[in-house]
DNA sequence: TGGGGGCCTTGACTTGGATCAAGGGCCGGA
DNA sequence: TCCGGCCCTTGATCCAAGTCAAGGCCCCCA
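Residue numbers (our numbering), protein chains in the order written: chain A, 499 to 745; chain B, 499 to 745.
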């Protein structure tokens with residue numbers, strides 16, 4: 499297992515993040531802020547931190563101090579059971595916040611691992627709370643972000659508790675596709691950043707099942723798969739598959 | 499399906515809630531507040547609202563305006579798929595907050611149903627945000643409550659994604675037992691408020707499976723079941739069962 | 001106090017996905 | 001450019017949980 503990397507020895511001033519000039523500002527924390535408010539946000543020292551592929555952004559048990567916003571790259575968060583079983587609890591891409599699980603207990607409760615070389619903005623949580631007390635818009639937006647995380651997890655509970663393997667995979671692909679297109683990428687062709695095993699862990703399936711269902715989707719003309727490369731050929735067909743029960 | 503009940507025709511002054519004198523204050527929102535701060539909380543008109551067994555506290559799609567703290571009684575929250583499949587996303591007892599799913603989209607995203615005659619405190623969300631801006635302790639505590647909801651859901655994802663039926667049931671019983679004992683009830687004997695079907699929906703199992711696993715636990719001397727009445731005879735045995743994998 | 005309906009239990013059988021196993025492709029480092 | 005390791009695919013078999021079915025319990029209401 500690899501060690502957590504801390505901010506390495508690079509020229510620090512360049513690492514300061516300006517939310518106001520960030521291309522992700524419409525996806526991330528500053529949504530809906532005026533220019534004036536945005537520059538207030540800039541006044542905080544939100545550091546950036548690079549995280550190499552395979553490195554941990556934080557680990558379960560680490561003291562909680564900051565939230566992290568993915569700037570570039572791709573992460574998974576996961577829980578570990580004592581017996582070694584692993585549950586992936588989410589995949590996170592640019593503009594998405596990680597670490598909210600740590601607020602309640604002052605310690606992180608899951609691991610966050612970069613699935614490719616990535617960069618995050620470090621958001622000291624006490625400062626975020628301080629600014630939230632001054633800026634209603636920021637406060638409300640942060641509450642929305644947490645709420646949406648709860649809603650996302652409800653959706654995963656629905657997947658895991660009530661859906662069949664094909665529905666889970668279809669929902670997963672549609673979700674990825676939608677989030678990529680929000681970020682300006684193609685919604686119909688992309689490269690998976692995670693392995694079949696990680697997808698399976700997230701969806702409560704074994705890697706062989708993930709592989710088989712991908713193959714079946716391909717036979718049915720819904721997608722084209724080649725290793726990590728996915729092309730969605732029939733999004734409507736996938737959508738129809740989800741929530742249609744066993745039928 | 500039954501209609502949502504609104505505050506009925508009872509004498510209103512008595513319905514005002516004083517957090518400072520509430521027996522649940524150590525479980526609910528006012529945790530950690532000084533007397534002074536607590537009385538600030540009291541100054542808000544947090545109404546109480548009775549909810550009869552089977553009635554909806556809120557429904558998916560309802561406009562979001564308030565959070566609800568269970569004062570007495572027992573609730574489930576659930577999601578409905580178009581095809582009728584239902585996923586129970588949580589069970590909620592005294593002191594627990596419901597409705598946080600609605601903040602993100604300004605609409606509730608799940609249904610909350612009383613499983614017995616209950617009473618909730620209505621917490622207008624804009625006022626809660628207003629007070630949070632004035633009271634750091636309240637702000638921080640509210641963030642902790644939301645964070646813990648996220649962590650709880652991670653736990654459910656672990657259950658649903660990685661555990662076998664016996665482990666799920668054992669974890670479920672231990673969790674209920676722990677929450678009841680926090681509230682001053684027996685941790686070893688209690689009456690389930692929900693049906694086998696609702697337990698199954700929460701745990702991603704069919705009601706027959708829930709019933710069979712209860713019977714098996716009984717044969718093994720872990721619990722005594724008689725319909726809704728549960729006695730935990732060997733909590734350590736149940737604990738051992740969880741997270742021990744297939745072994 | 002007797003009847004009906006919801007809920008629970010149990011048995012027999014089925015099945016979707018897990019497990020076990022073998023082989024192939026791709027990529028990064030020597 | 002060749003090797004080794006990781007990841008992916010596919011086939012054969014197994015099994016935990018689902019499905020279908022029958023009957024019993026309990027409680028509420030007439």
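Beta carbons are placed, not taken as given, at the ideal position from N, Cα and C, and that holds for glycine.
Here the structure is a predicted model, which is why all the values come from computation and not from measurement.
Less than 6 Å between C-beta atoms, sequence neighbours within five positions excluded: which residues of the same chain meet that for residue i?
i	result
residue 633/B	535
residue 692/A	613
residue 610/B	555, 556, 573, 575, 596
residue 667/A	711
residue 700/A	586
residue 723/B	712, 716
residue 588/A	575
residue 590/B	568, 573, 596
residue 521/B	none
residue 703/A	663
residue 709/A	694
residue 658/B	702
Taking CB distances under 9 Å as the criterion, tell me whether residue i reaches chain A.
i	result
residue 731/B	no
residue 607/B	yes
residue 634/B	yes
residue 699/B	yes
Return the chain-ordered list of same chain residues with a C-beta closer than 7 Å to the C-beta of residue i, the five sequence neighbours on each side being excluded.
i	result
residue 705/A	694, 695, 698
residue 690/B	726, 728
residue 528/A	517, 536, 539
residue 639/A	527, 529, 530
residue 647/A	598
residue 510/A	Legend: pLDDT at residue 510/A = 45, less than 50; position of this residue unreliable, value from coordinates given subsequently. Nothing listed; no residue qualifies.
residue 731/A	719, 720, 721, 722
residue 499/A	Summary for residue 499/A: the model assigns pLDDT 35, below 50, so the residue's position carries little reliability; its value from the coordinates is reported in the next sentence. Within the same chain, residue 499/A has no close Cβ partners at all.
residue 561/A	604, 605
Which residues in chain B have a C-beta closer than 9 Å to the C-beta of residue i? List them in chain order.
i	result
residue 637/A	627, 630, 631, 637
Can you name the residues of chain A whose CB is closer than 7 Å to the CB of residue i?
i	result
residue 647/B	648
residue 587/B	652, 655
residue 577/B	652, 656
Under a CB-based cut-off of 9 Å, is residue i close to chain B?
i	result
residue 676/A	no
residue 564/A	no
residue 580/A	yes
Can you have a look at residue i and say buried or exposed, based on whether 16 or more other CB atoms are within 10 angstroms of its CB?
i	result
residue 559/B	exposed
residue 600/B	buried
residue 737/B	exposed
residue 571/B	buried
residue 797/A	Past the edges of chain A, shown from 499 to 745, lies residue 797/A, and the structure says nothing about it.
residue 533/A	exposed
residue 569/A	buried
residue 684/B	exposed
residue 564/A	buried
residue 580/B	exposed
residue 524/A	exposed
residue 767/B	Examination of residue 767/B is not possible in this model, given that chain B is present from 499 through 745 alone.
residue 669/B	buried
residue 592/B	buried
residue 651/A	buried
residue 682/B	exposed
residue 501/A	Note on residue 501/A: pLDDT 35, under 50, position unreliable in the model; the coordinate value appears next. Answer is exposed; the Cβ neighbour count stays below 16.
Who are the neighbours of residue i on chain A, taking C-beta pairs under 9 Å?
i	result
residue 644/B	598, 601, 602, 641, 644, 645, 647, 648
residue 702/B	655, 658, 659, 660, 702
Starting from the C-beta of residue i, find all residues in its chain whose C-beta is less than 8 Å away, skip the five residues before and the five after it, and write them out in chain order.
i	result
residue 629/B	538, 539, 542, 636
residue 584/A	576, 577, 578, 699
residue 714/B	664
residue 680/B	525
residue 676/B	685
Task: Minimum length 3: unbroken beta strand (DSSP E) runs contained in the segment 575-662 of chain A - done: 584-591, 609-612, 616-622
Open item on the list: Threshold first: 3 residues or longer. Then list the beta strand (DSSP E) segments lying entirely within the segment 675-744 of chain B, N to C.
Closed with: 687-689, 721-724, 727-730
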